[in-house]
Amino acid sequence: MERIVTVVPEDGLHARPASQFVETANSFDAEIQVGRTEDDALVSAASMLAVTGLNVSHGEEVRLVADGDDAEAALDALEEVLSTPESGDEA
């Protein structure tokens, strides 16, 4: 199962958004991978180092790939993380 999602948080997949993304990915049994849409390389969505190493910025698209019993629920939850602006940064 696969999905393309635009990254909305201003920090991209760095700092808090990446931490929340990895934490969410680890809460599912499905094997989840993430990568840039223009690149065939996918990394484990369960690894903070791998996710931040993609250097994905605000407005870029990523490809999410999940395999397992709860793959669709995992993709739904991760899409929610990536499509929700960070709160608390407008101080």
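Per our numbering, the very first residue in the sequence shown carries number 4; after that it's consecutive.
Even glycine gets a Cβ: it sits at the ideal position worked out from N, Cα and C.
Proximity winner among the options, relative to residue i (alpha-carbon distances)
i	options	result
residue 3	76, 70, 49	The shown model of the chain, from 4 to 94, leaves out residue 3, and the question about it has no answer.
residue 33	84, 23, 73, 47	73
residue 69	62, 38, 57	38
residue 5	71, 59, 51, 87	71
residue 2	66, 61, 60	The question about residue 2 has no answer here: the residues shown for the chain are numbered 4 through 94.
Residue span of the alpha helix (DSSP H) that contains residue i, given as start and end
i	result
residue 79	74-85
Cβ shell of residue i (< 7 Å), same chain only, five flanking positions each side left out
i	result
residue 53	46, 47
Outcome for residue i when other beta-carbon atoms lying within 10 angstroms are tallied against a minimum of 16
i	result
residue 20	buried
residue 77	buried
residue 28	buried
residue 94	Per-residue confidence for residue 94 stands at a pLDDT of 36, beneath the threshold of 50, marking its modelled position as unreliable; the derived number appears in the next sentence. Exposed: under 16 other Cβ atoms inside 10 Å.
Neighbourhood of residue i by C-beta distance below 6 Å, restricted to the same chain and skipping five residues each side
i	result
residue 14	20
Endpoints, the beta strand (DSSP E) within which residue i is located
i	result
residue 67	64-70
Heavy atom of the ligand GTP within 7 Å of residue i beta-carbon
i	result
residue 39	Absent from the structure shown: the ligand GTP. Ligands present: none.
Those runs of the alpha helix (DSSP H) which lie wholly inside the stretch 16-44 and span at least 4 residues: 18-29
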